[in-house]
Amino acid sequence: MRGLRVYTIFYLIFLYAPIILLPLFAFNASTIIAFPLSGFTTEWFAELWAAPAMHQALRNSLIIAVSSAVLATCLGIFAARAATRFTFPGKGPIMGLIMLPLVLPEIIVAVSLLVVLLGVGINLGMWTVILGHVLICTPFSIAILNSAFLSLDGSLEEAAYDLGETRWSTFRLITLPLIMPGIISSLLISFTISLDEFIIAFFLTGTEPTLPVYIWSQLRFPTKIPSIMALGTILVALSIVLLIIAEYYRRLGVRKTGGKDTGGFL
Amino acid sequence: MDARTRWGRFSRSEAATGLKLISPTALYALIMLAVPLAAIVAYSFLTDGYLEIIWTPTLENYAEAWGDPLYRQVMLRSLMVAGLVTLATVLLAFPVAYYVSFYVRPGRKSLWLFLITIPFWTSYLIRVFLWKVILGFNGVVNSSLMGLGIIDEPLTFILYNVNAVVITLAHAYAPFAILPIFVALEKIDRSLLEASRDLGESTFMTFWRVTLPLAMPGVVAAVLIVFIPTIGDYVTPQLVGGPEGRMIANAIQLQYLRLDNYPLGSALAVSAMLIVTAVSLIFVFLNRRFLRVKQ
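These protein sequence lines map, in sequence, to chains W and D.
Per the numbering used here: the first sequence = residues 1 to 266.
Per the numbering used here: the second sequence = residues 267 to 561.
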């Protein structure tokens with residue numbers, strides 16, 4: 001099946017094309033983002049370092065991403081535990097509603113939240129963005145934690161009950177350590193999603209821009225674009241590191257619970 | 267007394283424990299998702315007065331959203347773009363999923379999936395912007411084609427139009443198509459394929475009559491996962507679409523953030539949701555034969 005292999009490699013090149021270009025333009029001496037390249041420079045990284053608006057946006061984004069990741073993972077633990085261990089009336093519709101943001105266009109989530117928040121009279125700001133991001137991160141967190149809970153051997157918990165542990169102490173001593181890798185990868189995935197999310201932040205952020213909102217505002221100015229390429233290069237490097245950590249913990253979790261590795265984040 | 271014991275029994279039951287456990291997440295989704303969605307449905311029946319909302323129910327917003335040729339054109343274009351993107355993404359992704367599932371050693375599969383997903387965890391805005399660089403007048407495609415002497419003048423039909431939107435979105439949604447198809451292919455019992463070959467079917471007929479029908483649940487999932495969010499994409503049409511590539515999300519954003527006409531914006535959003543739901547349901551209905559297959 002040579003042909004299929006060659007096709008797959010070409011497809012991977014197509015997938016990686018934009019990411020390969022990013023560092024090329026980040027270190028290119030010309031302000032015009034086009035070929036041919038004109039020379040090597042680290043000027044754009046220096047310019048980035050000296051942009052206070054970018055630092056503020058980065059700080060906002062980090063606060064939002066960390067809060068959203070923690071909240072979404074907490075909500076995800078409740079839902080994944082309930083969905084994998086218990087049957088209860090209305091389970092289908094309830095899970096359907098919780099997982100709905102996975103298939104809902106983000107602009108719909110953004111405008112509907114905007115209407116309600118303004119209607120109630122809440123001022124827009126970082127924490128309104130957090131509300132939206134928790135909503136869209138929770139389904140991903142549940143998907144990851146579901147597989148963590150499913151690969152958990154139920155007899156371990158039963159053994160703990162039989163040996164006199166309470167529900168809570170069993171959860172803390174047995175369940176939590178075993179699903180910890182799932183929790184860590186859920187935190188990292190939610191963090192990455194929130195850090196990169198644009199539309200909801202664009203609608204709900206008010207006067208406190210997140211990093212994507214800042215990038216969006218800079219894309220209009222041709223002279224700012226090289227430093228955005230530099231920023232993009234840093235972000236790519238950072239998210240690859242985070243993903244490798246997340247993947248490491250996911251595999252560790254699979255090995256810990258003795259399951260078979262089926263691969264992938266979904 | 268009787269009621270209390272019944273309540274007591276219920277509150278210790280499995281169902282009650284499950285409900286209690288899911289209630290924080292469910293309440294959050296109810297307040298932050300169900301209520302806001304209901305609110306935009308309600309808004310879509312109101313009128314935008316100057317600086318205030320007029321609280322008399324009306325169908326005027328829908329008359330405008332469906333009747334105005336401008337909005338109708340934008341809606342039809344969004345449907346067409348989403349359809350083309352879905353077709354391109356799923357057709358291009360299937361062989362990749364097939365290769366990884368059937369020809370890659372089991373120990374290597376997660377590495378391949380990892381390689382496929384990596385590009386998609388990097389800034390979406392910058393990725394879309396880079397497609398503008400690739401497809402632009404002085405872009406990568408034009409300068410390399412001119413450098414090779416294949417064309418004399420830069421191609422202009424690849425940026426600021428529907429083509430550019432389709433290419434960029436087909437790239438952006440690639441993993442969402444590959445992963446569900448891969449999962450469906452992985453579930454196929456390999457002995458069924460051997461049986462088909464033993465009974466004298468050719469490689470192609472085995473694929474056509476055994477593999478493909480069994481992979482259809484994954485294909486249907488891929489189609490829905492790509493089609494539904496694509497139709498509401500804002501960034502790509504805005505950056506690479508140009509004036510003739512605008513889609514429904516751009517119209518919604520314009521009404522909300524620029525013109526401050528929430529009722530009309532809501533009517534457009536609700537209409538888009540209804541159309542997406544209708545198209546998805548029809549698609550699932552047409553493929554119900556494959557979805558009944560027991561895995």
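Note that CB positions come from ideal geometry on N, CA and C, so glycine has one too.
Given that a residue counts as buried once 16 or more other Cβ atoms are within 10 Å of its Cβ, and exposed if not, what is residue i?
i: Y562(D); result: For residue 562(D) there is no data in the structure shown, the boundaries of chain D being 267 and 561.
i: R2(W); result: exposed
i: I9(W); result: exposed
i: N321(W); result: Residue 321(W) lies beyond the stretch modelled for chain W, which goes from 1 to 266, so this question has no answer here.
i: R278(D); result: exposed
i: Y528(D); result: buried
i: S38(W); result: exposed
i: A65(W); result: buried
i: E208(W); result: buried
i: M213(D); result: The structure shown does not extend to residue 213(D), since chain D is modelled only from 267 to 561, so the question has no answer here.
i: A159(W); result: exposed
i: A533(D); result: buried
i: Q561(D); result: Low local confidence applies: a pLDDT of 44 at Q561(D) is under 50, so the model's placement there is unreliable, with the coordinate-based value given in what follows. Classification of Q561(D): exposed, given that the 10 Å Cβ count is below 16.
i: I184(W); result: buried
i: Y439(D); result: buried
i: Q339(D); result: exposed
i: G373(D); result: exposed
i: A535(D); result: buried
If residue i and residue j are in contact, beta carbons under 8 Å, what's the gap, nearest whole angstrom?
i: L152(W); j: I179(W); result: 6 Å
i: G132(W); j: I200(W); result: 4 Å
i: A515(D); j: G498(D); result: 5 Å
i: I130(W); j: S67(W); result: 5 Å
i: A481(D); j: Y337(D); result: At roughly 38 Å, the Cβ-Cβ gap does not stay under 8 Å, so A481(D) and Y337(D) are not in contact.
i: P264(D); j: F403(D); result: Because chain D is modelled from 267 through 561, residue 264(D) falls outside the range shown and cannot be assessed.
i: V485(D); j: V550(D); result: The Cβ separation is near 12 Å, so there is no contact.
i: T84(W); j: F149(W); result: 4 Å
i: A29(W); j: F40(W); result: 7 Å
i: P181(W); j: L252(W); result: 5 Å
i: V356(D); j: A443(D); result: 5 Å
i: T315(W); j: S239(W); result: No information on residue 315(W) is available, as it lies outside the stretch 1 to 266 that chain W covers here.
Near residue i, which residues of its chain fall below 7 Å by C-beta distance, leaving aside the five closest residues on each side in sequence?
i: L188(W); result: L242, I245, A246
i: T477(D); result: I454, L459
i: F203(W); result: A110, V111, L114
i: I63(W); result: M126
i: N60(W); result: M126, E208, P209, T210
i: K375(D); result: V366
i: A72(W); result: V134, C137, T138, S141, S190
i: W378(D); result: V366, V370
i: E326(D); result: T313
Identify, in the order they occur along the chain, each residue of the same chain with its Cβ nearer than 8 Å to the Cβ of residue i, setting aside the five sequence neighbours on each side.
i: V501(D); result: Y390, L391, V394
i: K224(W); result: Q218
i: E307(W); result: The structure shown has nothing for residue 307(W), since chain W only spans 1 to 266.
i: L421(D); result: V407, N408, L411
i: R475(D); result: S462, E467
Would residue i pass as an interface residue toward chain C - the criterion being a Cβ-Cβ separation below 8 Å?
i: F14(W); result: Absence of chain C from the displayed structure is noted, the protein chains being W and D.
Following a CB-centred definition, is residue i positioned closer than 7 Å to any heavy atom of the ligand ATP?
i: L414(D); result: Absence of the ligand ATP from the depicted structure is noted, as is the absence of any ligand whatsoever, leaving it without description.
Output needed for residue i: all residues of its chain with C-beta closer than 6 Å, excluding positions within five of it in sequence on either side, in chain order.
i: A305(D); result: none
i: A235(D); result: Since the first residue of chain D shown is 267 and the last is 561, residue 235(D) is not available in this structure.
i: G405(D); result: V399
Check: If we count Cβ pairs, one from each stretch, closer than 8 Å, do we get three or more for the segment 97-107 of chain W versus the segment 157-167 of chain W?
Finding: no
Notebook entry, point to check: Is the segment 361-373 of chain D in contact with the segment 541-561 of chain D, if contact means three or more CB pairs nearer than 8 Å?
Noted result: no
Checklist line | Residues within the segment 388-403 of chain D neighbouring chain W, beta-carbon criterion of under 9 Å | finding: T388, S389, Y390, L391, I392, R393, V394, F395, L396, W397, K398, V399, I400, G402, F403
Note to self: Please list, in chain order, the residues of the segment 195-217 of chain W that have any C-beta partner in chain D closer than 9 Å.
What the structure shows: Answer set for the segment 195-217 of chain W: L195, D196, E197, F198, I199, F202, F203, L211, P212, I215, W216.
Next item on the list: Determine contact between the segment 494-513 of chain D and the segment 276-296 of chain D, defined as no fewer than three beta-carbon pairs at a distance below 8 Å.
Entry: Contact between the segment 494-513 of chain D and the segment 276-296 of chain D is absent: fewer than three C-beta pairs spanning the two stretches fall below 8 Å.
Check: Any chance the segment 128-145 of chain W sits against the segment 222-236 of chain W, with 3 or more Cβ pairs inside 8 Å?
Finding: Judged by pairs of C-beta atoms under 8 Å, the segment 128-145 of chain W does not touch the segment 222-236 of chain W, as fewer than three such pairs exist.
Item checked: Contact the segment 384-401 of chain D vs the segment 455-470 of chain D: 3+ CB pairs below 8 Å -> Cβ pair count under 8 Å is below three, so no.
Notebook entry, point to check: Quick one, which residues of the segment 503-526 of chain D are near chain W if we go by CB-CB under 8 Å, in chain order?
Noted result: L505, A515, I518, Q519, Y522, L523
Checklist line | Interface residues of the segment 216-232 of chain W facing chain D [CB-CB below 9 Å] | finding: W216, L219, I225, I228, M229, L231, G232
Check: Does the count of Cβ pairs from the segment 398-417 of chain D and the segment 299-318 of chain D closer than 8 Å reach three?
Finding: no
Margin query: Across the segment 12-31 of chain W and the segment 444-457 of chain D, are there enough close Cβ pairs to call them in contact, namely three or more that are closer than 8 Å?
Written below: Here the segment 12-31 of chain W does not lie against the segment 444-457 of chain D, with fewer than 3 beta-carbon pairs under 8 Å apart.
Check: Can you list, in chain order, the residues of the segment 104-122 of chain W whose Cβ is nearer than 8 Å to any Cβ on chain D?
Finding: Cβ contacts with chain D: L104, P105, E106, I107, I108, V109, V111, S112, L113, L114, V115, V116, G119.
Check: With contact counted as at least three CB pairs below 8 Å, one residue from each stretch, are the segment 418-427 of chain D and the segment 503-511 of chain D in contact?
Finding: Segments in contact, yes.
Next item on the list: With 9 Å as the C-beta to C-beta threshold (strictly closer), list the residues of the segment 467-500 of chain D near chain W in chain order.
Entry: L490, I491, I494, P495, T496, I497, G498, D499, Y500
Note to self: Contact between the segment 103-118 of chain W and the segment 44-56 of chain W is defined here as three or more beta-carbon pairs at a separation below 8 Å; is this criterion met?
What the structure shows: no
Margin query: Against chain D, which members of the segment 163-192 of chain W pass a CB distance test of less than 7 Å?
Written below: T192
Check: What residues in the segment 128-155 of chain W have a beta carbon less than 9 Å from any beta carbon of chain D?
Finding: L131, G132, V134, L135, T138, I142
Check: In chain order, what residues of the segment 82-93 of chain W put their CB closer than 9 Å to some CB of chain D?
Finding: A82, A83, R85, F86, T87, F88, P89, G90, K91
Checklist line | Against chain D: residues of the segment 2-13 of chain W by CB proximity under 8 Å | finding: Within the segment 2-13 of chain W, the qualifying residues are L4, R5, Y7, T8, Y11, L12.
Next item on the list: Residues of the segment 269-287 of chain D with a CB closer than 8 Å to any CB of chain W: list them in chain order, please.
Entry: Contact annotation: in the segment 269-287 of chain D, residues whose CB is within less than 8 Å of a CB in chain W are E280, A281, A282, T283, G284, L285, L287.
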